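Written below as structure tokens is the structure these notes are about.
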Amino acid sequence: MQALEDLDYLAALDDDGNLSEVGIIMSELPLEPPLAKALIAACEYDCVDELLTIAAMLTAPSCFVTVEPSREEAVSQWKPLMHAEGDHMTLINIYSTYLERT
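Following full-length UniProt numbering, the numbering of the sequence shown begins with 1 at its first residue and continues without gaps.
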């Protein structure tokens with residue numbers, strides 16, 4: 001039941017419980033429903049590149065690798081990438097830094 005409630009909350013279902021137009025589009029995207037809905041919304045807000053970066057970073061294995069003896073060094077390398085507005089902006093910073101350095 002929770003899955004149906006989640007889809008309804010995302011407007012992926014119509015009043016009869018069938019996929020809505022948005023739900024059909026969401027079902028064609030290879031993403032979890034919340035990310036699919038966010039990608040559709042990103043089209044309206046002209047931030048598709050940023051949302052795609054966030055979606056890719058969230059669905060990939062963690063980019064934060066720590067080995068206990070060098071944990072402090074790893075954290076010192078991450079700190080400049082941290083963003084005050086939250087984790088999603090931090091992921092964009094990490095990806096942007098990766099692109100700059102490769």
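Beta carbons are placed, not taken as given, at the ideal position from N, Cα and C, and that holds for glycine.
Here the structure is a predicted model, which means the values were calculated and not measured.
Next item on the list: May I ask you to verify whether the stretch 12-22 touches the stretch 42-54, counting CB pairs closer than 8 Å and requiring at least 3?
Entry: Short answer: they don't touch.
Notebook entry, point to check: Taking contact to mean at least 3 C-beta pairs separated by less than 8 Å, is the stretch 79-88 in contact with the stretch 60-70?
Noted result: As far as the Cβ criterion goes, the stretch 79-88 does not touch the stretch 60-70, which means the pair count is below three.
Next item on the list: Assign LEU29 to one of three DSSP states: helix, strand, or coil.
Entry: To locate residue 29, count along the sequence shown from 1; it is residue 29. Note: LEU29 maps to coil in three-state DSSP.
Next item on the list: Tell me whether LEU99 is buried or exposed, calling it buried when 16 or more other Cβ atoms sit within 10 Å of its Cβ.
Entry: Taking the first residue of the sequence shown as 1, we reach residue 99 at position 99. Result: exposed.
Check: Taking Cβ positions, are HIS88 and ILE54 nearer each other than 8 Å?
Finding: Here residue 88 is taken as the residue at index 88 of the sequence shown, counted from 1. Here residue 54 is taken as the residue at index 54 of the sequence shown, counted from 1. Result yes, Cβ atoms of HIS88 and ILE54 sit closer than 8 Å.
Checklist line | Paired residues, beta bridge with LEU13 - DSSP | finding: Residue mapping note: residue 13 aligns to position 13 of the sequence shown, counting from 1. Paired residues: LEU19.
Check: For the putative contact between ILE92 and GLU32, defined by C-beta atoms under 8 Å, what is the C-beta separation to the nearest angstrom?
Finding: One-based indexing of the sequence shown puts residue 92 at position 92. One-based indexing of the sequence shown puts residue 32 at position 32. The Cβ separation is near 19 Å, so there is no contact.
Next item on the list: Provide the residue span of the alpha helix (DSSP H) that contains residue 177, from first to last.
Entry: Nothing about residue 177 can be reported from this structure: the residues present for the chain run from 1 to 102 only.
Notebook entry, point to check: MET26 to LEU35, Cα distance in whole Å?
Noted result: Along the sequence shown, one-based indexing puts residue 26 at 26. Along the sequence shown, one-based indexing puts residue 35 at 35. Looking at the two C-alpha atoms, the distance is approximately 9 Å.
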